[in-house]
Amino acid sequence: MKQSFRQTVSAYALAAAMGVTLVAAGQAHAQSAPAAAPPGAAAPRTGLESVTVSGTKRDEASQDVPIAISAISDQQLANTFRNDVLAVSDMSPGVALGQLAGFRAIAGGIRGTGQNSILVTQDSSVPIIVDEFGLNHVQSQFVELFDVDRIEVYRGPQGTLFGKNSTGGAIYIVTKRPEMNEFSGKVELQLGMFDSNNGKIAKGKLALNIPVVEDKLAIRMVGIYDYDDGYIKNSHVASGFPNFVPLYGAYGLPVVNPPLPPELNTNAAGSGENLNGTDVFAGKFKVLFTPTDNYEAYFILEALRDRSDSVPSVNDSPVLGAIDPDAGPQNMLMPLLGFNGRDATGESPWVTAVTNQCAGNNPSGLCIPSGHRVSAMGYNLQQNLDLDVVSFKLITAYRKQKEILPSTYPGEAFNSLFDATRNLVREQIQIELRAATNFDGPINFIAGGTYQEDNVKMLSYSTVGLSSLLPRTDAQLGRPTVGNPYLDDRGFINLDLDYINDPATGGADQDRSTYAFYFDGNWDITDRLRFTAGLRWTLDKKSFFRRANAGGVCNQYTKPKDQRLVDTDNNVNTPPVCFDTRSNAVSRAGLTAADLDPRNLPLPNSAYALVVDTSDEWDKITWRAVVDYKVTDEAMVYASYSTGFISGGFTETCSSPTTCVAFQPENNWSAELGLKSRWFDNTVQANLTAFYTVYSDLIRSQVVPFTDFAGNTTQETINVNAGKSRNLGVEAELQFQPTDQLRIDLSIAYQDHKYKEFFLDRNGDGDTLDGNENLTDYTVPYSPKWKIGGSVTYDVVLGNAGVLTLNTTGNYQSEAEMAVFNSLNTQMTERFLWDASASWQDVNERYRVTLFAKNILNEKYRLGSNSVAGLWNMTIYGKPRTYGIELGFNF
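So the sequence shown is residues 16 to 906, counted in the numbering used here.
1. Does DSSP put Ser-323 in a helix, a strand or coil?
2. Nearest by alpha-carbon distance to Val-66: which of Val-141, Phe-157 and Arg-165 is it?
3. Assuming contact is defined by CB atoms lying nearer than 8 Å, are Met-659 and Thr-629 in contact in what I supplied?
4. If contact is defined by three or more beta carbon pairs under 8 Å, each pair taking one atom from either stretch, is the stretch 150 to 166 in contact with the stretch 181 to 192?
5. Would you mind working out which of Leu-134, Lys-179 and Gly-903 sits nearest Phe-532, comparing C-alpha positions?
6. From the DSSP output, in three-state form, read off Lys-220 for me.
7. What number of angstroms, rounded off, separates the C-alpha of Asn-330 from the C-alpha of Glu-632?
8. At the 8 Å Cβ level, is Ala-428 part of the contact set with chain B, yes or no?
9. Alpha carbon to alpha carbon, how far is Pro-344 from Ala-851? Give it in angstroms, no decimals.
10. Could you name the residues that DSSP lists as bridge partners for Cys-593?
11. Below 6 Å CB to CB, which residues in the same chain sit around Leu-316 once its five sequence neighbours on both sides are set aside?
12. With 16 as the cutoff for other CB atoms within 10 Å, does Asn-888 come out buried or exposed?
13. What runs of the beta strand (DSSP E), each 3 residues or longer, lie entirely inside the stretch 693 to 742?
14. Look up Ser-88 in the DSSP assignment and say whether it is helix, strand or coil.
15. Using a Cβ-Cβ cutoff of less than 6 Å, which residues in the same chain neighbour Ala-868 once the five nearest sequence positions on both sides are dropped?
16. So what does DSSP say about Val-141, is it helix, strand or coil?
17. Using only CA atoms, which one of Arg-715, Ile-803, Ile-714 and Tyr-530 lies nearest to Asp-634?
18. In whole angstroms, what separates the C-alpha of Leu-502 from that of Arg-896?
19. Going by DSSP, name the residue or residues bridged to Met-106.
20. Note down, in chain order, each residue of its chain lying with its Cβ closer than 8 Å to the Cβ of Val-795, except the 5 sequence neighbours on either side.
21. So, at 6 Å on beta carbons, what are the nonlocal neighbours of Lys-556 in its own chain, with the 5 sequence-adjacent residues on each side left out?
22. Between which residues of its own chain and Lys-72 is the CB-CB distance below 6 Å, once the five residues before and five after are set aside?
23. What does DSSP give as the partner residues of Glu-832 in its beta bridges?
24. Determine the direct distance from the alpha carbon of Lys-201 to that of Trp-909, and round the result to whole angstroms.
25. CA-CA distance, Ile-891 and Val-103?
26. Mind checking Ser-621: buried by the 16 CB within 10 Å criterion, or exposed?
27. In three-state DSSP terms, what is Pro-81?
28. Please classify Glu-167 as buried or exposed, where buried requires at least 16 neighbouring CB atoms within 10 angstroms.
29. With a threshold of 16 other CB atoms inside 10 Å of the CB of Glu-278, please say whether the residue is buried or exposed.
30. Tell whether a beta-carbon distance below 8 Å holds between Glu-667 and Ile-714.
31. If you follow the alpha helix (DSSP H) that Pro-350 is in, where does it begin and where does it stop?
32. Since I believe Asp-241 is in contact with Val-295 (beta carbons under 8 Å), could you give me their beta-carbon distance rounded to a whole number of angstroms?
33. If we ignore side chains and look at the alpha-carbon of each, how far apart do Ile-125 and Val-883 end up?
34. Rounded to the nearest angstrom, how far is the Cβ of Pro-142 from that of Ser-107, given a contact under 8 Å?
35. Less than 8 Å between the beta carbons of Ser-711 and Ser-685, yes or no?
36. Please state whether DSSP places Leu-790 in a helix, a strand or coil.
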C-alpha cells in the first residue's frame, strides 16, 4: 500500500530560516577542474589533483588539514557501483561498516568503535553528515548516495568539530550544488544480475541543472530509482521441525514425530521467491540564489520513498553442543526446537526463509510480505554572508522520517518463531550559526553555536512463536490433569498458540534537545609552523518514556488461563488482585491481529507491567590541540590530541524501573602523529598516521536476569558502562600517477584494540564488585586487525573513437568480532573482495558504456550478525558475485 508524503515544518525552525540572513563564505569543490582535452585524447591529469574539503568548517586543501582524512571523489564512488554508504567502508583505512541483520541499517564504525544495535535510543559512534545535516541513528544513516560531489571521512575522535557521538570519526557527504549560467543534465541507467539467484538489478539516475537568472539564480533537480529483486532465496526448509524436536525429550515427550496438535500450522519451508529486494526512490530539489556578490542562499528539499522487501536474516545458530571457548557448550533454543543453523544444514548463505504472516492481509500492521516502508521529507536552508574579514553561516534544517519495519528475525518460515515490526516517527531539527574570520594576521578562528532536536516515537508488535512451541501443563492452561500433564485429552502436546496468533505490543519514546557552543582557531607561528586548538561545550537532554511487558491488571478480555491472582498487600481482608500474563496483547483491546494500527497502540498504559517516564541530562567539554609543521612546500608532519564522547542515555529494552535508569557517557581521547606529503612532481601522494586511543566508560549491551510479576525468571537487555579499552594502530594511504593515463591507489590499516577492563554484571544490580565476571580477554567488536585495499585505473586512448578506462580494485579485511560477547558464528568474516570494470566514453564525453563485475571470487562473508540472548544467531551475508552494464548520457 502506497503512503503519501506529508510535509511537516517546525514553526520556530522555519521562522529562524526566514527571519535571519547570515552565512559563511563559499562552498568547496571536490576537485579542481582538469584542462580540456583536445579531440581524440584522454583528459590530461598532469599530476594528482588537489582536493578541497569543508568538514572542518573551513575550505582547505585536504593535504593541508592536520587530521587523518580520506577524500573520496564522485568518480571513485561511481566505480563502486553502489548507492549506499557501505561503499565507504572499503575506500578508507580504519573504517569497518556492516549492515544490521533484519534491517537496512548501519553497523560498525571507525577505529574500533561501532554499535550492533537497532535500538531507537542508541547513539552512533560515527555521525553521517549530508550537506551539513547530521544523521545520528543507524536506520537513518543508510542513505541513498546519488549526485555526490565528494565524501570526506574523518578518522579519530571529532568531538570538537562535529560534536557528540563522533568518537570514531565522521562521514561527511557533500552533494553537487546548482551551477550558475549552465544548462546541463545527466542520465544513467544500470542493469545487472546477482549470481546467487539470477535476481535482476535496475537503477536509474537523473540530474538536471537549470539556470534561471544569469549569475543570480539556478536550480538543480536530481533523482534516483534503485530497484533489485534481492540476492537471497526464500527456499530454506527447517532441518528438524516438526519431525524432530530435541527439546521435547526434557519433558518426557517423543523427540521424533512428536504429537503436535492439528491446529498448529507446521509448515516450515520457504515459498521460493527472491528476498531482500530494493525498491527506493529518492529525490532532491536544490535552489542557489546569489543576489549580491557577498550573499548566497542555498536551499535543499529532499524526499525519500522506500518500499523494499523486509530484510531477512539467516539462522546462523551453532550446532547443539558446539564448544564456545569462552562460554562452553552451546545449546540455543532454536536448534533445540528443530531449527538448526547453517553449521548443521550446510546451506548457501544466500538461502534463508521468512514467514508469510500478514495479519488479516493488513499491510499497515504486522505483515512480512508488505516489506519495509520508509518515507522521509526534509529541507535544509544554508545562508552565507561574507563581510571581508569575517563571514557568517546560518543552517536551518528539518527532517521527518516514518518507518514501518516488519521482519522475520530467526530466518525460518514457521509462522512464527519471532516476527516483529518496529514502527516509528522521527523528527529532527538543526539550527547552527557560525562565524569564520579571514584576518591578514597570523590568527584566524571559527566560532559558533548549534541547537538540535531529535524526537522519536516508536511502537512495536511481535509474535513470539518460540513460546508457543514450549509444552504447557494442563494446569497452566486451566484444565484438569488427566494422565500426562503435557498432553491434552486428545493425546496431543499442550501448546499455547496465542503467542503465534495474538501479537504483543510495546513501545518507547525519546525526546532529545542538544545545545552546543564551539571555538576552533589557527595560529601561524611561522610560515611553516602552525598551532590549532578547539573547544566545544555540549549539553544533551533526554526525556524517555517506556511501556512494556505483560502483567497489567485483568480486564474483560483476559482469558482464564492467563489470570494470576496476587496478594498485593498481605491483608486477608482484601481480595487478591488479578493480573494478566498477556495483558499487552492486542486481544486485550478486543481486537484481532487484523485490526492493528501501525501508528497507535490500542491499549492504555495500565495494560503494561512497566511504565517509565524519566529524563536526564549530560554536559561535556571536548577539545583538541594540534601542531603541524611544513617540512617542505609539499610535506607536512603533525601531532594532535583530541577528545570525544557518546552521550549518556536510556535502554529501549529495559524491563524494570531499576534498569530503566540512565547510563553515563562513553569518553575517549586520542593522540596522533601524521605525515601528509606529495613527491616527484605531484605524481605521488603518501599519507601516514599513527594513533593511540583510549576509550573509557564503554557503553555495552548486557543480558541480565529479570523476574516478572508472577515470579518467572526471564532476561532483559540493558546498556551499561562496562569498562575501558585502548587501541593503537597505523594507517597509510598512497596515490601514484606515473603517467597521465595510469593511477594506482593503495591503503593499509593495522590496529591492535584490546580491553583494559571489561566486566559483566551478572545480576544486573549495578554493583561493580558484586558477582561480576571479568571479560577483559574478550575481543573488542569491529576492530579488524588488518585492512588492505588497492585500485588500478588505466585510460586507453582510442583517438577519435574516445577513451577506454579499465579499473580493478581489491580489498582485504581480516576477521573481526561483531557481538560484544564474541559468540560463535557472529564474526565479521575474513574476506577478499575483487571488483573490475571497463568503461568506454566518446571523445566529446557525452556517452558512456560501462561493464562491471563485483565480488568476482564470489566470497561468502558475514556483513552483520547478532546473537539473541541464547535463543539464536541472526546474520546477513554480503552480496554475491554481481555483474552488469551501466549506460550514461550527458547533455
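Every residue, glycine too, gets a C-beta built ideally from N, C-alpha and C.
Only a predicted model underlies this, so the values are computations on that prediction, with no experimental measurement involved.
Result, derived from the coordinates:
1. coil
2. Arg-165
3. This sequence places Gly at residue 659; Met is not what is there. For Gly-659 and Thr-629, no; Cβs fall outside 8 Å.
4. yes
5. Lys-179
6. strand
7. 40 Å
8. Reference to chain B is not applicable here, since this structure consists of a single protein chain.
9. 43 Å
10. Leu-580
11. Phe-300 and Tyr-394
12. buried
13. 699 to 711, 714 to 722 and 728 to 736
14. strand
15. Ala-851 and Tyr-898
16. coil
17. Tyr-530
18. 50 Å
19. Looking at the DSSP assignment, Met-106 forms no beta bridge with any residue, so it has no partner.
20. Gly-127, Ser-740, Asn-742, His-768, Lys-769, Tyr-770 and Glu-832
21. Ser-528 and Glu-632
22. Ile-461
23. Gln-842
24. Outside the shown range of the chain, which is 16 to 906, sits residue 909, and nothing can be said about it.
25. 19 Å
26. exposed
27. coil
28. buried
29. exposed
30. no
31. 348 to 351
32. 4 Å
33. 24 Å
34. Between Ser-107 and Pro-142 the Cβ distance is about 15 Å, and since that is not below 8 Å, they are no contact.
35. no
36. coil
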